[in-house]
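One gets our numbering by counting positions in the sequence shown from 1 and adding 79 to each. Cβ atoms here follow ideal geometry from the backbone N, Cα and C, with glycine treated the same way.
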Amino acid sequence: MDTSQRTEQQRSADRRRRELLEAADRVVLRDGPQASMNAIAAEAGITKPILYRHFGDKGGLYAALAMRHTDALLASLRAALDAPAERRERVEATLDTYLAAIEARPQVYRFLMHPAEGTSGGDQGFDVGRHSAPLLKRMGEELAQVIEERLDLGPGGQQVARVWGHGIVGMMHAAGDWWLGERPCERAELVRCLADLLWGRLAAAGDRVGGPGF
């Protein structure tokens, strides 16, 4: 097989994988945590063994969906952090971006973060508890990197940045999960309260010399 044939086969496989992920997304938007491999295979018009062939197992499909949505969310968060505005405004915009994302697609959020109580047809649900922690860890590390690049935190700044990154992500996740379930206030009010909680050290820290600024 020559290089052009291998390239075309890879393109075809990548295209088919995208199509299957789009079918999985449609099921997740409809069923949330109750989404099953049976339903996803039916939506894609294939058998379940073919779905396993592309993703290995449920964990592989979950990881691919999680990567797809986490990449999009992280891009949105970085855009909010890079917006031409005062630091306080950018902090609030970043918090709002996260909350707006889970509010706009609550079924996707619940699929990624909440295990199903059970699915129909004998198809067990995705093992969300085993896979969701790495998503939060990845977001924490990404935010830590942004903080370290932009803020002068003095001696031990890298460690401080990691503490802040994971702490902020944990706060957003816990507060957002509670808010999405109970809706005790408007999103804007929650954003203001969380920004107030973060603002002390964030307001005092100077920008790193030569960095993009925070």
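Query	Result
Buried versus exposed, by CB contacts within 10 Å (16 or more), LEU276	exposed
Cβ pair PRO112, PHE190 closer than 8 Å	yes
Extent of the continuous alpha helix (DSSP H) run through PHE134	127-134
Three-way DSSP call (helix, strand, coil) for GLU230 in this model	Checking the sequence, you will find Leu at residue 230 rather than Glu. In the structure shown, LEU230 sits in a strand (DSSP, three-state: E or B).
Backbone CA spacing between LEU160 and GLY235 [nearest angstrom]	23 Å
CB contact flag (ARG287, ARG229, <8 Å)	yes
Which listed residue (LEU108, ARG96, THR149 and VAL106) has its alpha carbon closest to that of TYR131	ARG96
Straight-line Cα distance separating ASP93 from GLY290	37 Å
DSSP state of GLY292 mapped onto helix, strand, coil	coil
The segment 138-146 in contact with the segment 171-178 per 3-pair CB rule at 8 Å	no
Test item: CB-CB of HIS245 and ALA223 under 8 Å	yes
Beta carbon of VAL270 nearer than 8 Å to that of LEU174	yes
Other residues of its chain near ALA102: CB distance less than 7 Å, five sequence neighbours each side excluded	ILE119, GLU122 and ALA123
Closest by C-alpha distance to ALA183, when choosing among LEU259, ALA164, LEU153 and THR126	LEU259
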